[in-house]
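**Q** Residue numbers (the numbering used here): 5 to 108. From the three backbone atoms N, C-alpha and C, an ideal C-beta is built for every residue, glycine too. Source: prediction; values computed, not measured.
1. DSSP three-state label for residue 19, please.
2. Return yes when the Cβ of residue 52 is within less than 8 Å of the Cβ of residue 12, no when it is not.
3. What distance in whole Å lies between the Cβ atoms of residue 71 and residue 31, which are believed to be in contact at a cut-off of 8 Å?
4. When you compare only the Cα positions, how much space is there between residue 16 and residue 65?
5. Rounded to the nearest angstrom, what separates residue 78 and residue 67 at their Cα positions?
6. For residue 23, does the count of other Cβ atoms within 10 angstroms reach 16, so buried, or fall short, so exposed?
7. Under DSSP, the beta strand (DSSP E) around residue 59 begins and ends at which residues?
8. Measure from the alpha carbon of residue 56 to the alpha carbon of each residue in 33, 87, 27 and 25, then state which is nearest.
9. If I follow the unbroken beta strand (DSSP E) through residue 92, where does it start and stop?
10. With DSSP as the reference, identify every bridge partner of residue 30, one or two as the case may be.
11. Between the Cα of residue 9 and the Cα atoms of 50, 36 and 62, which residue gives the shortest distance?
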């Protein structure tokens, strides 16, 4: 964890298809495991908040836990995975560099 005041930050590694399609994943928190919903179309760097899952203050009020999305690309692809990614590259009109310029 990375701590900022009462808030905690943790990396949340996701596969490209999980980020694109959306999913629900378990995240370890100081109080135990919690589920976080990842919306479809989530990009690397997005912070997903788990309200009240951070550190408590002396009055018992807890901060938040932020799961920071990190897209992890497989190092090795099977022939089928490579074929599917190639097919996606052919049919997709998505331009990552253009999208990044719009977001900044």
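**A** Per the coordinate set shown:
1. coil
2. no
3. 5 Å
4. 24 Å
5. 34 Å
6. buried
7. Here residue 59 belongs to no beta strand (DSSP E), and DSSP marks it neither H nor E.
8. 33
9. Premise fails: residue 92 lies in the alpha helix (DSSP H), 83-95, not in any beta strand (DSSP E).
10. 39
11. 62
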